[in-house]
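Take a look at the structure set out below.
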Amino acid sequence: MSGLVELDGLEVDLRVGGSMRPVLSGTTLQIGRGEAVGLVGESGSGKSMTARSIARLLPEGAEVRGSIRFDGTEVTSLRGADLRAYRRRIAMVFQDPRAHVNPVRSIGDFLTEELRTNEGVPRAEAERRAIELLDVVGIPDGARRLRQYPHELSGGLLQRVMIASALLSEPELLLADEPTTALDVTTQSDVMALLDELRRERGLAMLFITHDLELAGAVCDRTAVMYAGQIVEEQAADALYTDPLHPYTAALVAARPDIDATAARLAAIPGRPLSAFEAPPGCAFADRCPFSEDRCESERPALMPIAAGSSRCLRAEELRGRLHLTVSDV
Amino acid sequence: MSAMPATTPIETVDREPSVRGLPGLRGTGIVGHVCAAILALAVLIAIVGPLLAPYSATEISLSNSFVGPTGDHYLGFTGQGADLLSLLLLGARSSILGPLIVVVAAMVLGVVVAIISAWRGGIVDQVLSVIMDVLFAFPGILLAILAAAVFGASLQTAAIALAIAYAPYIARVLRAAAIRERSREYIAALEVQGFSAWLICLRHLVPNISGLIVAQGTILFGYAMVDLAAISYIGLGVQPPQPDWGVMVAQGQSGVLQGYPAESLAAGLCIIIVVVAVNLLGERLNARSQGSAR
Amino acid sequence: MSEPILTASGLTKVFGDHTAVDDVSFALPEGGSLAIVGESGSGKTTVAKLLTGLERATAGSIMACGRDRSLPARSAAERRRRGAEVQIVFQDPYSSLDPRQSGADSIDEVRRLHRGGSRAERAARVTELADLVGLDNRQLHALPRDLSGGQRQRIAIARALAAEPRILVLDESVAALDVSIQAQILNMLGDIRDATGVSYILISHDLAVVRQLTDDAIVMHRGRVVEAGPTARILDDPQEDYTRLLRDSVPRPGWKPQRRQVA
Numbered sequence: 001m002s003g004l005v006e007l008d009g010l011e012v013d014l015r016v017g018g019s020m021r022p023v024l025s026g027t028t029l030q031i032g033r034g035e036a037v038g039l040v041g042e043s044g045s046g047k048s049m050t051a052r053s054i055a056r057l058l059p060e061g062a063e064v065r066g067s068i069r070f071d072g073t074e075v076t077s078l079r080g081a082d083l084r085a086y087r088r089r090i091a092m093v094f095q096d097p098r099a100h101v102n103p104v105r106s107i108g109d110f111l112t113e114e115l116r117t118n119e120g121v122p123r124a125e126a127e128r129r130a131i132e133l134l135d136v137v138g139i140p141d142g143a144r145r146l147r148q149y150p151h152e153l154s155g156g157l158l159q160r161v162m163i164a165s166a167l168l169s170e171p172e173l174l175l176a177d178e179p180t181t182a183l184d185v186t187t188q189s190d191v192m193a194l195l196d197e198l199r200r201e202r203g204l205a206m207l208f209i210t211h212d213l214e215l216a217g218a219v220c221d222r223t224a225v226m227y228a229g230q231i232v233e234e235q236a237a238d239a240l241y242t243d244p245l246h247p248y249t250a251a252l253v254a255a256r257p258d259i260d261a262t263a264a265r266l267a268a269i270p271g272r273p274l275s276a277f278e279a280p281p282g283c284a285f286a287d288r289c290p291f292s293e294d295r296c297e298s299e300r301p302a303l304m305p306i307a308a309g310s311s312r313c314l315r316a317e318e319l320r321g322r323l324h325l326t327v328s329d330v
Numbered sequence: 331m332s333a334m335p336a337t338t339p340i341e342t343v344d345r346e347p348s349v350r351g352l353p354g355l356r357g358t359g360i361v362g363h364v365c366a367a368i369l370a371l372a373v374l375i376a377i378v379g380p381l382l383a384p385y386s387a388t389e390i391s392l393s394n395s396f397v398g399p400t401g402d403h404y405l406g407f408t409g410q411g412a413d414l415l416s417l418l419l420l421g422a423r424s425s426i427l428g429p430l431i432v433v434v435a436a437m438v439l440g441v442v443v444a445i446i447s448a449w450r451g452g453i454v455d456q457v458l459s460v461i462m463d464v465l466f467a468f469p470g471i472l473l474a475i476l477a478a479a480v481f482g483a484s485l486q487t488a489a490i491a492l493a494i495a496y497a498p499y500i501a502r503v504l505r506a507a508a509i510r511e512r513s514r515e516y517i518a519a520l521e522v523q524g525f526s527a528w529l530i531c532l533r534h535l536v537p538n539i540s541g542l543i544v545a546q547g548t549i550l551f552g553y554a555m556v557d558l559a560a561i562s563y564i565g566l567g568v569q570p571p572q573p574d575w576g577v578m579v580a581q582g583q584s585g586v587l588q589g590y591p592a593e594s595l596a597a598g599l600c601i602i603i604v605v606v607a608v609n610l611l612g613e614r615l616n617a618r619s620q621g622s623a624r
Numbered sequence: 625m626s627e628p629i630l631t632a633s634g635l636t637k638v639f640g641d642h643t644a645v646d647d648v649s650f651a652l653p654e655g656g657s658l659a660i661v662g663e664s665g666s667g668k669t670t671v672a673k674l675l676t677g678l679e680r681a682t683a684g685s686i687m688a689c690g691r692d693r694s695l696p697a698r699s700a701a702e703r704r705r706r707g708a709e710v711q712i713v714f715q716d717p718y719s720s721l722d723p724r725q726s727g728a729d730s731i732d733e734v735r736r737l738h739r740g741g742s743r744a745e746r747a748a749r750v751t752e753l754a755d756l757v758g759l760d761n762r763q764l765h766a767l768p769r770d771l772s773g774g775q776r777q778r779i780a781i782a783r784a785l786a787a788e789p790r791i792l793v794l795d796e797s798v799a800a801l802d803v804s805i806q807a808q809i810l811n812m813l814g815d816i817r818d819a820t821g822v823s824y825i826l827i828s829h830d831l832a833v834v835r836q837l838t839d840d841a842i843v844m845h846r847g848r849v850v851e852a853g854p855t856a857r858i859l860d861d862p863q864e865d866y867t868r869l870l871r872d873s874v875p876r877p878g879w880k881p882q883r884r885q886v887a
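Chains as they are written, first to last, in our numbering: chain A, 1 to 330; chain B, 331 to 624; chain C, 625 to 887.
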């Protein structure tokens, strides 16, 4: 599997008030062609900023260091026509489809605009292709839907339209930022199945951002866990539960209530998740970690390969295989 | 009715540091502060003007008509031979008090209507909206002329008429903000606690739209000042010899024709300075209150 | 089982031509906890509004603490008494606090309304409530904008408990919180129940949260109750197709998303 996207030591600072504030501090990640990578973390961990960096959609005045390569080309320095050409090779699906669609334009206008203006496809032909695509995303009566407006569609249907729109330009990479978080759980299952199927059929690579470890496990090949602007663990998606490599991952799994059993007490993680700008000099998770030692406070761990993945924990080797058992007993 | 998280929860506290400035004026920039200073000065003159004025408005000597500045009379004399500087200082009071009455009355009326509309909604809101729309169609000056015809020309009559004409405009702007605030869950939480509606409005809803109320009031002040000056100019507001900037513009008219525009110009300039300052400040306060409304 | 502290019978709410809640009945035993489970459009949030008096039922009745609350309160005293019986915590910690009021002030305001007492007595009670929800002195006196979502939700819970209600409606109260914070709040809600004997109505779409916090559950779909019973039984052995679909849609290890036909 060759690398389609390679993030190397990506650091991003955003302007907040008068000063610069880090939101990513050294994110390193690869996404292979046709590979689905999950990016899991709590709020402020930097997962959305990672996707926005790849899409070159960072807010005005953002400072980017490190490198983002797409198909061998450095993305951070692209300008003008090159940037537009690059953006046609990626597509994004967001959490709230309503915030990303013009409410006063019909679904038909929304889906065909790009084809008609940028590629000069005649309206009839563009609409035919849009109807075809709506059928692919599980919306059968496409001709009628094209005449409808966003407010006439349910959240689930609108998210399907967004997926159709994302596929229209035949991208190579899909950035899906919590695409089902705002949907009902039954609709989520449905939309995720669709996304998974289409992605596999088309050999599309995907960066799937979610706060739900189980969901990432179900549709991704590999999962990376983010904390305070860094990736703290990365390995095969289905191994995160049984063999977590970082105490944070193990703690996250343990903290979640279980649908199959009532716990006397949940294994809550003390404190609150930190953002990159709040991270202490040592390990960012140290003050919430049940395994932390003195050196964890002072020494910032690097993301080191371990087993079939990697972990940003000084004690990773030593704790291997015990984490998921121990955390829930703490 | 959706029960899904509205957005990814933001657990971290991430707030821009407040921009430096006086507490009430924070975020209005240097222009806001300068405007506020000009207004403070105008209000000060309105209060203590009679103490500062070297001569009284009734010390008239027709032999001084249109005489230019002299050693004791820094701005010279009006067409009727009164001291121009004294007249400006004395006229500040009614020129500023008038719009103040308009603003306070219009704001009270507008806020009450907006809050009732937002709180009750439904048929009450619709009826109030129709009444406001009908009133909205009346130009303020027309209403003031009608009021002067019926109740006699005076500053009070003109001010109240203008306040009634402006209230629908205020009500309309504030209604939207009040409805937005009404729909927030802290209001529902207070209702469930058993607080009465008027207490919730007084203690929570109104203070949370106070930024917009102040901003709208400030902008309204400018309009009211110009309209009242116009009404006084046509003789239906402040009655001479009571000094007033609007009256002075009118009385200076004969001087303008004779090549002595000092009286009209000076009074007009006072009006323009105050109105521009008030509008600039109002716009900045308005922008700030919209920025903080999320 | 003891006498129910809350009973809803034949609850119905019609908005225009849409029936949001259709003949819903349930009972909450004193000190118990009942989940109302459903997706968007199920009517569960409307039930929460009916229980707290934010909406008026088209038909049916609600009895809480031995008193009927189906009709709007007629007097200020009645309104206050209802406030001291049933309280609510909303989902969004960002809009459920007055942005101009610190936690201490909003809790104090509620104490003043319901229990009165001298300034010192009230202050002592505010501190007690802050301890109960795990807030330190600085957080208690900070404005909401300076607090995190989890801290705000703790204040909303303390404010709801300030009137010492017998029933607390939790309307998706942990749904917007991060996993690690959600676990803290769920543990805290368990502790509060042990300490105060308050009964919970948990409105939720999250079956794992429901399992953790409640003894009984009703499952709502399009305004109607489709299944009712002990939470563990409903989740382990769902009897209705809809409950089963809901159960099977929850991601878990080894789970694969399923495609359904669009309605």
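Backbone N, C-alpha and C fix where the C-beta goes; we use that ideal spot for every residue, glycine too.
Listed in chain order, the positions of the stretch 645 to 666 of chain C with a beta carbon within less than 8 Å of a beta carbon of chain A are E663, S664. For C:G878, none of the residues of chain B pass the 9 Å Cβ criterion, the least Cβ distance being about 25 Å. Beta-bridge pairing by DSSP links C:D840 to C:L658, C:P854. Here the alpha carbon of A:T117 sits roughly 16 Å from the alpha carbon of A:E170. In chain order, E42, S43, H211, R272, P273 make up the part of chain A whose C-beta sits under 8 Å from the C-beta of C:D802. By the beta-carbon neighbour count (other beta carbons within 10 angstroms, threshold 16), C:D802 is buried.
Within the same chain, Cβ atoms closer than 7 Å to the Cβ of B:R423 are found at A376, G379, the five residues on either side in sequence being excluded. Annotation: the continuous beta strand (DSSP E) that includes A:G66 extends over 63 to 70. Rounded to the nearest whole angstrom, the C-alpha separation of B:I561 and B:Q569 is 10 Å. Interface annotation, A:M206: not in contact with chain C, CB-CB separation never under 8 Å. Listed by position along chain C, the residues whose Cβ is nearer than 7 Å to that of A:G217 are P877.
With a beta-carbon spacing of about 5 Å, B:V586 and B:S594 fall inside the 8 Å limit used to define contacts. Its chain contains T855, A856, L859 as the residues whose beta carbon lies nearer than 8 Å to that of C:R835, once the 5 sequence neighbours on both sides are disregarded; these appear in chain order. Between B:S416 and B:M555, the gap from beta carbon to beta carbon reaches 8 Å or more. As a beta-bridge residue in DSSP terms, C:K637 pairs with C:V645. Of the candidates C:G847, C:S797, C:L630, C:S666, C:L630 places its Cα closest to the Cα of C:P653. In the displayed model, A:Q30 falls within a strand according to three-state DSSP. A distance of 8 Å or more separates the beta carbons of A:L24 and A:L39.
Residue pairing of A:Q230 in beta bridges, as defined by DSSP: A:Y227. Note on geometry: alpha-carbon atoms of A:L29 and A:T73 lie some 16 Å from one another. Spanning the alpha carbons of A:G46 and C:W879 requires a straight line of approximately 27 Å. For the pair A:T187 and C:R871, the Cα-to-Cα distance works out to about 13 Å. At least one beta carbon of chain A lies nearer than 8 Å to the beta carbon of C:S873. Separation of A:L204 and A:S48 (C-alpha to C-alpha, rounded to the nearest whole angstrom) is 20 Å.
Given a length threshold of 4 residues, each whole run of the alpha helix (DSSP H) inside the stretch 706 to 763 of chain C is given here in chain order: 727 to 738, 743 to 756. Boundaries of the beta strand (DSSP E) harbouring A:T210: 205 to 210, taken from the DSSP string.
Boundaries of the alpha helix (DSSP H) harbouring A:E113: 107 to 118, taken from the DSSP string.
By the Cβ neighbour-count rule, B:F481 is exposed, with fewer than 16 other Cβ atoms within 10 Å of its own.
Counting along the chain, A:P301 sits inside no alpha helix (DSSP H), nor does DSSP assign it H or E at all. Excluding residues up to 5 positions away in sequence, S657, L658, A659, Y824, L826, T855 lie with their Cβ nearer than 8 Å to the Cβ of C:T838 in the same chain. The C-alpha of C:P723 lies about 9 Å from the C-alpha of B:Y516. The three-state reading of DSSP puts B:Y404 in coil, since its state is none of H, G, I, E or B.
Inclusion of A:P22 and A:A224 in the CB contact set at 8 Å is not warranted, their separation being larger than that value. Using a C-beta cut-off of 8 Å, the stretch 775 to 789 of chain C makes contact with the stretch 739 to 759 of chain C, since at least three inter-stretch Cβ pairs fall below that distance.
In the three-state DSSP reduction, C:Q882 falls in the coil class, being neither helix nor strand.
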